[in-house]
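Colleague: Here you go, one structure.
Protein chains: 2
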Amino acid sequence: MQTEIITIGDEILIGQIVDTNSAFLGKELNKVGISIYQITSIQDEKSHILKALKEAEENADIIIITGGLGPTKDDITKHTLCEYFNDTLVEDKAVLKHVEFLFSNYIKTPISEINKQQALVPSRAKVLKNEFGTAPGMWIEKNGKVFVSLPGVPYEMKTLVSNAVIPKLLEQFKFPYIMHKTLLTYGLGESAIASRIEAFEDALPSFIKLAYLPSLGRVRLRLSAKGIDKVKVEAAMKIQVNLLLPQVKDIFVGFEEDNTIEVLIGARLTEMGKTLAIAESCTGGRIAQGFTANAGASKYFKGSIVSYATASKVDVLGVSEDVINKDSVVSKTVAEAMAKNVLTLFNTDYAISTTGNAGPAKGDSDAEVGTVWIAIATKTQVYSEIFNFSNQREKVIMKATNKAFEMLLKEISKK
Amino acid sequence: MQTEIITIGDEILIGQIVDTNSAFLGKELNKVGISIYQITSIQDEKSHILKALKEAEENADIIIITGGLGPTKDDITKHTLCEYFNDTLVEDKAVLKHVEFLFSNYIKTPISEINKQQALVPSRAKVLKNEFGTAPGMWIEKNGKVFVSLPGVPYEMKTLVSNAVIPKLLEQFKFPYIMHKTLLTYGLGESAIASRIEAFEDALPSFIKLAYLPSLGRVRLRLSAKGIDKVKVEAAMKIQVNLLLPQVKDIFVGFEEDNTIEVLIGARLTEMGKTLAIAESCTGGRIAQGFTANAGASKYFKGSIVSYATASKVDVLGVSEDVINKDSVVSKTVAEAMAKNVLTLFNTDYAISTTGNAGPAKGDSDAEVGTVWIAIATKTQVYSEIFNFSNQREKVIMKATNKAFEMLLKEISKK
């Protein structure tokens, strides 16, 4: 059983947007045993769409198509599906009612003829209701194969996949059991890890694969297993994880399930009933945003101060001006004062701070581009570390953010 | 002349990483006239790689392959290329020297046998030096077609593309001229815009395409033109832009070259010598992060307070507890007090604030999920607006962030 994703849209091919939909689909489908064979991104162009549909039908049993369902003329997926399946468009009354509802409740402009055309679907398609948008999902079967066409707007697509596509696929097909176990490691390069665990890797059973995913100061080791019998797959995975763990225990920080490190930290803080505040300089809101992107953040996250200008470290965070003048704004003392003061200000159990220079030019201190101090404060102590991450702005911000998460996770994991 | 991208790596197909490399390649190659016909993402699996190479060779003249060049056993691109081209691996002395240099300077662990194997390349490949990593780029020609294999690590790949791949392609081929002009609009939906500019769209010459890129409160209108004669293409584009602009002038905020609205706001504030502070609640750092992601933010951005917990609006931002109790934390008075107070606290010319409920559950107020107040303060006035964005968390956060940017751009553009 093969599954292929086709994403349609010139904006992907010219690099105007990054295709995050495919990653979501890959992850969610994997959870229920559906592995993606291929992702094909193509233009909003009829002959190309037809060719991709034909190739996908030859290679795959389930074809998931995203994009090209908007009301404007550049969106041609629906008409092209009609041509491919030799079908015609018919109005779906329920979709029309939903489009009218969305317009009267949220959009608040008069509904036009092209909006109403969102209710047209190929006659053989089963409609999947799109709660959050005007373009419905469409489910079309042909010779036992399934084609699902979904809007490209990420949150519309995501809801459709979780609420309609996956349940229907599970009803109709039987999938093998797939599991991944990813070990997050920090502090050693991939080839050094590979040398160390070579014997382990060579002895892996054929249905378990090991992959190395290096990025910005960390390496993720992913074990993937696939099989019919869930119990056996899980038992085999457990054995391998137990063999691997002792060999990497000095660099291992935790398992990454679905979860990002922010989610792991949030879950642990919530469980402990502890709270967090942040004082960010060079990371500019990136750390706070990492936490608040997830529902439930209000259970542990009280707030953050982005003290970007040096003056605001004094005025808002109450860092002593003398200390800044003496030690410079990128220093151990300033980082630690920021963490301590924000802990007090928000009255939390933990606080984290960053101060550094992300570049490209030197700022209010003499610190080299890439120099970042990160401090952690608790009610009883404060400590900090210095790093030199890179000379590339985006890399400095992201490495500092990742390192802050890593230090915080280590701190809250202390017994 | 067709160009195809093949990205290799299970991590893409299982959704463990988002493929940002393809977007970079699409954008950079477009700038020099190379349009991407298709992006194909496949597994680290020999028969699949061989099949994709064969299909790409049939469809395209230039094939760019990323990924699978690491030193570990899951990386098989190099061996598979050898099989495809019926070639063998030979050691490249310059690459070996570079690998040794990287180890002695940066990695500081002894070099191992698997690291040295990074210097093995197919005998017919021309090596492209990878400044920042051990895996070299490889350029292989066959019957006038070009295959380029690049590492998947983004910053290594990017440098290779800019410094080696694009110059070599331009030396060897003649490409048409491609240009895009993207108009950023705020405040009107795509179908309403489409109705308004229908006659314009229908009258576009065949070599200019219009695309609508809607996302969370804004629509980007992209005109793409392609032709042999750069001067003629540019002249034709200018005519169309001049026809389009007057029809959207009430919703047009600027051209997006490579720029986001945050960059446009930053440039205007810097030019005026004015400063900005932010008080964020439901947007949780997203607005601050939008500004600080860009170099030069310190010229106008003084800082932000993410007052996520209600108590922090009182303790840190100084909003009156009585007002919060009387009007609720999601209210006009609280939004305006947040903006005024953060303006004073950071001593800036402009301030923006958000308070709302992003969901999924109701928080410290009775406000419906999706309700957001956004306020703008200057030294002489404060005002606010209420919105109901959606009932989906990510959408609420992003729509509120975009609306805040829009309101701020309008405010600073007032004469």
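Here the protein sequences line up with chains A and B, keeping their order. The first sequence begins at 77 in this note's numbering and counts up by one. The second sequence begins at 77 in this note's numbering and counts up by one. Quick reminder that beta carbons are idealized off the backbone N, C-alpha and C, glycines included.
1. Quick check on A/Gly209: does DSSP put it in helix, strand or coil?
2. How many angstroms separate the CA atom of B/Thr456 from the CA atom of B/Lys438?
3. So if I threshold CB-CB distances at 8 Å, which residues from the segment 77 to 100 of chain B count as touching chain A?
4. Could you work out which residues of chain A lie near B/Asp391, taking near to mean beta carbons separated by less than 8 Å?
5. If the cut is a Cβ gap below 8 Å, which residues of chain B does A/Ile190 touch?
6. Just by C-beta distance, which residues in the segment 373 to 392 of chain B are closer than 8 Å to chain A?
7. Quick one, are the C-beta atoms of B/Asp391 and A/Leu421 less than 8 Å apart?
8. Determine whether the beta carbon atoms of B/Gly146 and B/Ala211 lie at a separation below 8 Å.
9. Taking the alpha helix (DSSP H) that B/Thr456 falls in, what are its first and last residues?
10. Give the straight-line distance between the Cα atoms of B/Ile82 and B/Gly143, rounded to the nearest whole angstrom.
11. With a threshold of 8 Å between beta-carbons, can B/Arg298 be considered close to chain A, or not?
12. Just reading off the beta strand (DSSP E) that B/Thr477 is part of, what are its end residues?
13. Run the CB neighbour count on B/Phe331, radius 10 Å, all protein chains shown included, and call it buried at 16 or more, exposed below.
14. Going by DSSP, name the residue or residues bridged to A/Arg344.
15. What does DSSP give as the partner residue(s) for B/Leu299 in the beta ladder?
16. Could you check the C-alpha separation between A/Val405 and B/Asn464 for me, to the nearest Å?
17. Could you spell out where the alpha helix (DSSP H) holding B/Pro243 opens and where it closes?
18. I want to see whether chain B comes within less than 8 Å of A/Pro227, judged by CB atoms only; does it?
19. If you drop the 5 nearest sequence neighbours on each side, which residues of the same chain put their C-beta closer than 7 Å to that of B/Gly394?
20. Establish whether the CB of A/Ala301 and some CB of chain B are separated by less than 8 Å.
21. Given a cut-off of 8 Å on the beta-carbon distance, is the pair B/Ile304 and B/Pro252 in contact?
22. Have a look at B/Ala387, B/Val472, B/Val329 and flag the residue whose alpha-carbon is nearest the alpha-carbon of B/Lys490.
23. Taking only three categories from DSSP, how would you classify B/Lys438?
24. Within the same chain, show all residues whose beta-carbon is closer than 6 Å to that of B/Lys375, passing over the 5 residues directly before and after it, in chain order.
25. Buried or exposed for B/Gly349, going by 16 or more other Cβ atoms inside 10 Å?
26. Buried or exposed: which applies to B/Ala434, given that a residue is buried once 16 or more other Cβ atoms fall within 10 Å of its Cβ?
27. Would you mind stating whether A/Arg298 and B/Gln92 have Cβ atoms separated by less than 8 Å?
28. Going by beta carbon distance, what residues of the same chain come within less than 7 Å of A/Lys234, once the five residues before and after it are set aside?
29. Mind checking who A/Tyr262 pairs with in its DSSP beta bridge?
30. Quick check: is the beta carbon of B/Pro198 nearer than 8 Å to any beta carbon in chain A?
31. One question on the structure: do B/Ile400 and B/Thr386 come within less than 8 Å of each other, judged by their Cβ atoms?
32. Under 8 Å: do the segment 246 to 261 of chain A and the segment 118 to 125 of chain A share three or more Cβ pairs, one atom per stretch?
33. With DSSP as the reference, please indicate the residues paired to B/Phe377 in a beta bridge.
34. What residues in its chain sit with their C-beta under 7 Å from that of B/Ser98, if we drop five residues either side in the sequence?
35. What residues from chain A crowd round B/Gly293, counting only those whose CB sits closer than 9 Å?
36. Exposed or buried, what is A/Lys479 when buried is set at 16 or more other beta-carbons lying within 10 Å of its beta-carbon?
Modeller: Quick look at the numbers:
1. Within the first sequence, numbered from 1, the residue matching residue 209 of chain A stands at position 133. If DSSP states are grouped into helix, strand and coil, A/Gly209 belongs with coil.
2. Sequence index remark: in the second sequence, residue 456 of chain B carries index 380 (1-based). Sequence index remark: in the second sequence, residue 438 of chain B carries index 362 (1-based). Each residue's Cα considered, the two are about 34 Å apart.
3. Answer in chain order: Asp86, Glu87, Ile88, Leu89, Ile90, Gly91, Gln92, Ile93, Val94, Asp95, Thr96, Ser98, Ala99, Phe100.
4. For the purposes of this step, residue 391 of chain B is identified with residue 315 of the second sequence, where counting begins at 1. Under the 8 Å cutoff, chain A gives Leu421, Phe422, Asn423.
5. To locate residue 190 of chain A, count along the first sequence from 1; it is residue 114. The contact set of A/Ile190 on chain B, defined by CB atoms closer than 8 Å, consists of Ser267, Ala270, Ser271 in chain order.
6. Within the segment 373 to 392 of chain B, the residues whose Cβ lies closer than 8 Å to some Cβ of chain A are Ala373, Ser374, Phe377, Lys378, Gly379, Ser380, Ile381, Val382, Ser383, Tyr384, Ala385, Ala387, Ser388, Asp391, Val392, listed in chain order.
7. Numbered from its first residue, the second sequence carries residue 391 of chain B at position 315. Numbered from its first residue, the first sequence carries residue 421 of chain A at position 345. Yes; because the gap between Cβ atoms is below 8 Å, this pair is in contact.
8. Your numbering for residue 146 of chain B matches position 70 in the second sequence. Your numbering for residue 211 of chain B matches position 135 in the second sequence. Against a cut-off of 8 Å, the Cβ pair of B/Ala211 and B/Gly146 comes out as a contact.
9. Within the second sequence, residue 456 of chain B is the residue found at index 380, counting from 1. First-last for B/Thr456: undefined, no H or E at that position.
10. Numbered from 1 along the second sequence, position 6 holds the residue referred to as residue 82 of chain B. Numbered from 1 along the second sequence, position 67 holds the residue referred to as residue 143 of chain B. B/Ile82 and B/Gly143: Cα-Cα distance of roughly 9 Å.
11. Numbered from its first residue, the second sequence carries residue 298 of chain B at position 222. Nearest CB-CB separation between B/Arg298 and chain A: below the 8 Å threshold.
12. If you number the second sequence from 1, residue 477 of chain B lands on position 401. Taken as a continuous stretch (DSSP letters only), B/Thr477 belongs to no beta strand (DSSP E), being part of the alpha helix (DSSP H) at 469 to 489.
13. Locating residue 331 of chain B in the second sequence gives position 255, where the first residue counts as 1. Per the 10 Å Cβ criterion, exposed.
14. For the purposes of this step, residue 344 of chain A is identified with residue 268 of the first sequence, where counting begins at 1. Bridge partners of A/Arg344 according to DSSP: none are assigned.
15. Numbered from its first residue, the second sequence carries residue 299 of chain B at position 223. In DSSP, B/Leu299 forms a bridge with B/Lys257, B/Leu286.
16. Sequence index remark: in the first sequence, residue 405 of chain A carries index 329 (1-based). Sequence index remark: in the second sequence, residue 464 of chain B carries index 388 (1-based). Answer to the nearest angstrom: the Cα atoms are 41 Å apart.
17. Within the second sequence, the letter at position 167 stands for residue 243 of chain B. Its alpha helix (DSSP H) spans residues 242 to 248.
18. If you number the first sequence from 1, residue 227 of chain A lands on position 151. Answer no: the Cβ-Cβ gap between A/Pro227 and chain B never drops below 8 Å.
19. Translated into the one-based positions of the second sequence, residue 394 of chain B becomes position 318. Asn417.
20. Here residue 301 of chain A refers to the residue found at position 225 of the first sequence. It does not: the Cβ of A/Ala301 has no partner Cβ on chain B nearer than 8 Å.
21. To locate residue 304 of chain B, count along the second sequence from 1; it is residue 228. To locate residue 252 of chain B, count along the second sequence from 1; it is residue 176. Using a Cβ distance threshold of 8 Å, B/Ile304 and B/Pro252 count as a contacting pair.
22. In the second sequence, the residue the question calls residue 490 of chain B occupies position 414. Ranking B/Ala387, B/Val472, B/Val329 by Cα distance to B/Lys490 puts B/Val329 first.
23. In the second sequence, residue 438 of chain B corresponds to position 362, counting from 1. Note: B/Lys438 maps to coil in three-state DSSP.
24. Here residue 375 of chain B refers to the residue found at position 299 of the second sequence. These residues qualify, in order along the chain: Thr346.
25. Position 273 of the second sequence, counted from the start, is the residue given in the question as residue 349 of chain B. Exposed, by the Cβ-count rule.
26. Taking the second sequence and counting its residues from 1, the one referred to as residue 434 of chain B is at position 358. In summary, B/Ala434 is buried, with 16 or more beta-carbon neighbours lying within 10 Å of its beta-carbon over all protein chains present.
27. Numbered from its first residue, the first sequence carries residue 298 of chain A at position 222. Numbered from its first residue, the second sequence carries residue 92 of chain B at position 16. Yes, the pair counts as a contact, with Cβ atoms nearer than the cut-off.
28. What you label residue 234 of chain A is simply residue 158 of the first sequence in a count that begins at 1. Cβ contact annotation for A/Lys234 (same chain, cutoff 7 Å, sequence separation greater than five): Phe100, in chain order.
29. Locating residue 262 of chain A in the first sequence gives position 186, where the first residue counts as 1. For A/Tyr262, which the question treats as bridged, DSSP gives the partners A/Arg294.
30. Against the second sequence, residue 198 of chain B aligns to sequence position 122. Not an interface residue.
31. Your numbering for residue 400 of chain B matches position 324 in the second sequence. Your numbering for residue 386 of chain B matches position 310 in the second sequence. B/Ile400 places its beta carbon less than 8 Å from that of B/Thr386.
32. No, the segment 246 to 261 of chain A is not in contact with the segment 118 to 125 of chain A.
33. For this step, residue 377 of chain B is matched to residue 301 along the second sequence. The secondary-structure analysis by DSSP pairs B/Phe377 across a beta bridge with B/Leu352.
34. Your numbering for residue 98 of chain B matches position 22 in the second sequence. The beta carbon of B/Ser98 sits closer than 7 Å to the beta carbons of Ile81, Thr83, Ile115 from its chain, once the five residues preceding and following it are set aside; these are given in chain order.
35. Here the question's residue 293 of chain B lines up with position 217 in the second sequence. What B/Gly293 touches in chain A: nothing, since even the nearest Cβ is about 11 Å away.
36. Position 403 of the first sequence, counted from the first residue, corresponds to residue 479 of chain A. A/Lys479 is classed as buried because its beta carbon has at least 16 other beta carbons within 10 Å across all chains shown.
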